[in-house]
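Colleague: Sequential numbering of the sequence shown, starting at 1, is according to UniProt numbering.
Structure below; questions to follow.
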Amino acid sequence: MKDQKTAMMYGLGTVLLWSTVATAFKLALADLAPVQMLLVACSASVVVMAIILMLQKRWHLVFSLQKKQYIQSFGMGLINPCLYYFFLFGAFDRLPAQEAQPLNYTWALVLAYLSVPFLGHRLRRLDIVAGLVCYAGVVVIATRGAITTLSFSDPIGVALAIGSTLVWASYWIIATRDTRDPVVGLFLNFLFGLPVIAVICWWTEGLSLPVTGSLVAALYVGIFEMGIAFVLWSYAMKKAENTSRVSNLIFISPFLSLVFIYFILGEQILPSTYIGLVLIMAGLWLQQKKVKEREQELADVQ
1 MKDQKTAMMY GLGTVLLWST VATAFKLALA DLAPVQMLLV ACSASVVVMA IILMLQKRWH
61 LVFSLQKKQY IQSFGMGLIN PCLYYFFLFG AFDRLPAQEA QPLNYTWALV LAYLSVPFLG
121 HRLRRLDIVA GLVCYAGVVV IATRGAITTL SFSDPIGVAL AIGSTLVWAS YWIIATRDTR
181 DPVVGLFLNF LFGLPVIAVI CWWTEGLSLP VTGSLVAALY VGIFEMGIAF VLWSYAMKKA
241 ENTSRVSNLI FISPFLSLVF IYFILGEQIL PSTYIGLVLI MAGLWLQQKK VKEREQELAD
301 VQ
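See below:
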C-alpha cells in the first residue's frame with residue numbers, strides 16, 4: 001500500500017546513510033588501497049543482501065532465473081560493483097572528500113544526456129542549461145576556484161570522478177531493461193563481481209588486510225552504502241504516493257555530507273566547494289524540474 005509518510009521516512013534514512021559514505025570512504029582509504037576497500041565492502045554487501053532476501057522470504061528467487069539472466073548478472077557485475085567502484089574509490093583516494101563527493105553527484109545529469117541516444121528521450125533546452133550550470137560547478141570545485149587558469153587540483157582524480165558518473169549512468173540505462181527483482185539483481189551482480197575483484201586485489205595489492213579502523217570503515221560502506229541504503233531507497237519509491245517529493249530529498253545529502261567531512265575528517269571546507277556544490281545542485285534541480293514536467297504531461301494525457 002502507498003504511504004507517503006513512510007516513504008519519506010525511508011527516504012530520509014537513505015539520505016542520512018548516503019551523507020556519511022564520503023567520510024567513510026576516506027577513513028577506509030587511509031590504510032587500504034581502493035581495490036582492497038572494494039573487496040571488503042563488496043563482501044559485506046553480498047552478506048547483507050543475502051540476509052535481507054532471507055528475512056523477506058525471497059531467497060528462492062535467486063535460484064529461479066533463466067540462464068541468460070545469470071549471464072546478465074555477470075556482465076552487470078563487471079560494471080557495478082567492479083568498474084564503477086574502481087573509478088569512485090580511485091577518485092576518493094586522490095581527491096579530498098569535499099571535491100570527489102559533489103563531482104559524483106553529476107551522474108544524474110549524465111544519465112539524462114545518455115538517455116537521449118540510448119532510450120530515445122528528447123534533449124530539451126532546459127537540459128542544456130542544467131548541464132552548463134552543473135558543469136560550471138564541477139569546474140569551480142575541480143580547480144578550487146582557479147577557473148581562469150583551469151589548473152585542476154588533481155586531473156587524474158577529477159577524471160576518475162567524472163568517469164564514475166559515466167559508468168553509473170550507463171549501468172542504470174542497462175538496468176531499465178532488467179526484469180529481475182531489484183534486490184535479487186543487485187545481489188547477483190555483486191556476487192558475480194566479487195571473484196573478479198578478489199583476483200585483481202590478490203594480483204595487485206595482496207589479500208593481507210590491516211586490522212584497523214579502515215577495515216571497519218570499509219565494512220560500514222559495504223553494509224550501509226552498498227546494501228541497506230539501496231533497499232531503503234527501493235522501499236521509499238514503492239511506498240511513495242509522490243515520488244518527486246521523495247527524490248528531492250537527495251538534495252539534502254551533499255550539504256549534510258560536508259558537515260561529516262568537516263567534523264570527522266577535519267577537512268577545511270573551501271569557499272570554492274560551497275560555490276561549486278550550489279551550482280551542481282542548481283543544475284540538478286533544473287534537470288529534475290524538467291522530469292517533473294514530463295511526468296505531469298504524461299499524467300495529463302492519461
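Ideal Cβ positions, reconstructed from N, Cα and C, are used throughout, including at glycine.
(1) To the nearest angstrom, how far is it from the Cα of Trp168 to the Cα of Phe92?
(2) For Val259 and Met76, what's the separation of their Cα atoms in angstroms?
(3) Here's the rule: buried if 16 or more other CB atoms are within 10 angstroms of the residue's CB, otherwise exposed. What is Lys26?
(4) Put Leu78 into one of helix, strand or coil per three-state DSSP.
(5) At what residues does the alpha helix (DSSP H) containing Val21 begin and finish?
(6) So, for Leu194: in the same chain, excluding its five sequence neighbours on each side, which residues have a beta-carbon less than 7 Å away from its beta-carbon?
(7) Secondary structure at Arg177, three-state DSSP: helix, strand or coil?
(8) Could you compute how far the alpha carbon of Phe89 sits from the alpha carbon of Pro34?
(9) Would you check whether the ligand GTP has a heavy atom nearer than 7 Å to the C-beta of Val278?
(10) Report all residues from its chain with a CB closer than 6 Å to the CB of Trp59; omit the five preceding and five following residues, and keep chain order.
(11) Within 8 Å (strictly less), CB to CB, does Phe118 reach chain D?
(12) Looking at the secondary structure, which residues open and close the alpha helix (DSSP H) in which Glu99 lies?
(13) Please state if the CB of Leu95 and the CB of Ala218 are separated by a distance shorter than 8 Å.
(14) Are the segment 160-180 and the segment 14-25 touching, with three or more C-beta to C-beta distances below 8 Å?
(15) Sorted by chain position, which residues of the same chain lie with C-beta nearer than 7 Å to Thr176's C-beta, five sequence neighbours on each side aside?
(16) Given that a residue counts as buried once 16 or more other Cβ atoms are within 10 Å of its Cβ, and exposed if not, what is Thr179?
Modeller: Reading from the atomic positions:
(1) The sequence position of residue 168 within the sequence shown is 168, counting from 1. The sequence position of residue 92 within the sequence shown is 92, counting from 1. The alpha-carbon atoms of Trp168 and Phe92 are separated by roughly 16 Å.
(2) Indexing the sequence shown from 1 puts residue 259 at position 259. Indexing the sequence shown from 1 puts residue 76 at position 76. So the two alpha carbons sit approximately 34 Å from each other.
(3) As a working note, residue 26 is residue 26 in the sequence shown. Its Cβ being crowded by 16 or more others within 10 Å, Lys26 is buried.
(4) Within the sequence shown, numbered from 1, the residue matching residue 78 stands at position 78. It is helical.
(5) Within the sequence shown, numbered from 1, the residue matching residue 21 stands at position 21. Looking at the DSSP string, the run of the alpha helix (DSSP H) that includes Val21 is Gln4 to Ala28.
(6) Indexing the sequence shown from 1 puts residue 194 at position 194. Once the five neighbours on either side are set aside, the close Cβ partners of Leu194 are Cys42, Ser43 and Val46.
(7) Within the sequence shown, numbered from 1, the residue matching residue 177 stands at position 177. Arg177 falls in the coil class under three-state DSSP.
(8) Looking up residue 89 in the sequence shown gives position 89. Looking up residue 34 in the sequence shown gives position 34. Their backbone Cα atoms lie some 5 Å apart in a straight line.
(9) With respect to the ligand GTP, the structure shown offers nothing to examine, as it has no ligands at all.
(10) As a position in the sequence shown, residue 59 is number 59, starting the count at 1. Result list for Trp59: Leu53, in chain order.
(11) No chain D is part of this structure, which consists of one protein chain only.
(12) Walking along the sequence shown from the start, residue 99 turns up at place 99. Taken as a continuous stretch (DSSP letters only), the alpha helix (DSSP H) holding Glu99 covers Ala97 to Asn104.
(13) Locating residue 218 in the sequence shown gives position 218, where the first residue counts as 1. Locating residue 95 in the sequence shown gives position 95, where the first residue counts as 1. It is not a contact, given that the beta carbons lie outside the stated cut-off.
(14) no
(15) The sequence position of residue 176 within the sequence shown is 176, counting from 1. These residues qualify, in order along the chain: Leu119.
(16) In the sequence shown, the residue the question calls residue 179 occupies position 179. It counts as exposed.
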